[in-house]
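Positions in the sequence shown are counted from 1; adding 737 to them yields the working numbering. The C-beta atom is built at its ideal place from N, Cα and C for all residues, glycine as well. Keep in mind that this is a model prediction, so the values were computed, not measured. Please read the structure below before turning to the comments.
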Amino acid sequence: MTDPEASPFPVSTRDGVVLGGWLVRSVGTARAVVLVRTPYDARAHLPLARSLARHGFDCLVQDVRGRYSSAGTWRPYAAEALDGTDTVDALYQRCPRTPVVAYGASYAAHTALETARTDARVTRVVAVVPALGAYETAYSADGISQHLDRLGWWAIHGFAREDEAALDPSVLRAAAAVADREGPMAAAARLGWDPARLDAFRELWTTPALDLPDHFGDVTAPLLVVTGDADPFDAYARRLAVGWGARSGVGSALVSGPWGHDLGIDTPDPALRAAYDAAGSPGRTILRWLTHDEPAPGRELRLDVASRTWSARRLATTVPATERGHA
């Protein structure tokens, strides 16, 4: 079967910045158009777009402002709500009468959530191992500073149009030790980051935490959250599912299992691989939710590795603080 083609889909924002992206169309009338906005190179997400197209969805993969094919200045967590709304405007003009689904993993989950928060035209949201905001990546759910993870992430992804070289592991560990003793800005200064980089990195540590029920209280689109026991954002993801639509009453559902931030993709664990082969992967459950509304709102679908089955249970309404943060 021939892969669906990807067509360039530039979007001009309200301040004149052109965001680059590629639209992959389904065969026939699309169920919806899935919007994926990412800092990790939209072209790398074309396999996802083509997979969704084969299941009846158009899919736009877009580089966020200042990354890869998109113009503008890259500032993590700064512009995703407005740029997402401007992209929905373009989709409504060029894909008329097609519902919009906001979809993303990690940082791209943040872009999806912010688009849905500010634009009621979004009809569904999928947030996979979400990196919710600056504070929620800088501090674990129990308030512990995540110096090693943040120094590592920002060195690669945080400043330039394209990814930069990772810090040598010994350099990263030494910088994290400095951050633990003297604070993260001291560590960043010793790495030789210039004033512009230091300014952006300082903002990470001073941004307040999101009040999730308040921040997402008025949303109108149902949400599917995918999280894993070993994912460092698990507690935040569960809090998101509980707080989503606190005032509007829009429901959310959760998918969970014993994986980490990579969802167990290419896992060497034979038991988890066998469970995926028998019951289906998290990606299969996302497609099931998009096409059949399963799991239902207020429910958690959990993979039991021992029995190689998915089981549904009521979504917990309280979430303990846990572990550390990543990106």
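**OP:** Tell me, please, which residues DSSP counts as bridged to C796.
**Re:** Answer by DSSP bridge pairing, in chain order: V761, V771.
Original post:
Straight-line CA distance for A916 to R791?
Top reply: Rounded to the nearest whole angstrom, the C-alpha separation of A916 and R791 is 47 Å.
Original post:
Can you tell which of G988, F896, T874 has its C-alpha closest to the C-alpha of G1035?
Top reply: Here the closest residue by C-alpha is G988.
**OP:** Alpha carbon to alpha carbon, how far is A911 from G982? Give it in angstroms, no decimals.
**Re:** So the alpha carbons of these two residues sit roughly 42 Å apart.
Original post:
In or out: H1029 buried (at least 16 other Cβ within 10 Å) or exposed?
Top reply: Residue environment analysis places H1029 among the exposed positions, since fewer than 16 neighbouring C-beta atoms fall within 10 angstroms of its C-beta.
**OP:** Tell whether a beta-carbon distance below 7 Å holds between P867 and A974.
**Re:** Less than 7 Å separates the beta-carbon of P867 from that of A974.
Original post:
So what's R1036 in DSSP terms, helix, strand or just coil?
Top reply: Three-state result, R1036: strand.
Original post:
By the 10 Å Cβ neighbour count, where 16 or more other Cβ atoms means buried, how is D1003 classified, buried or exposed?
Top reply: Exposed is the call here.
**OP:** Using three-state DSSP, classify D917 as helix, strand or coil.
**Re:** Reduced to three states, the DSSP call for D917 is helix.
Original post:
By the 10 Å Cβ neighbour count, where 16 or more other Cβ atoms means buried, how is A1008 classified, buried or exposed?
Top reply: So A1008 counts as exposed.
Subject >> Runs of beta strand (DSSP E) lying entirely within the segment 927 to 1009, each at least 3 residues, in chain order >> reply: You should have 960 to 963, 989 to 993.
**OP:** Give me the Cα-Cα distance between P741 and L1024, rounded to the nearest whole angstrom.
**Re:** If I take the Cα positions, the gap works out to 18 Å.
Original post:
Between the Cα of G994 and the Cα atoms of T855, F896, D971, which residue gives the shortest distance?
Top reply: The option with the nearest alpha carbon to G994 is D971.
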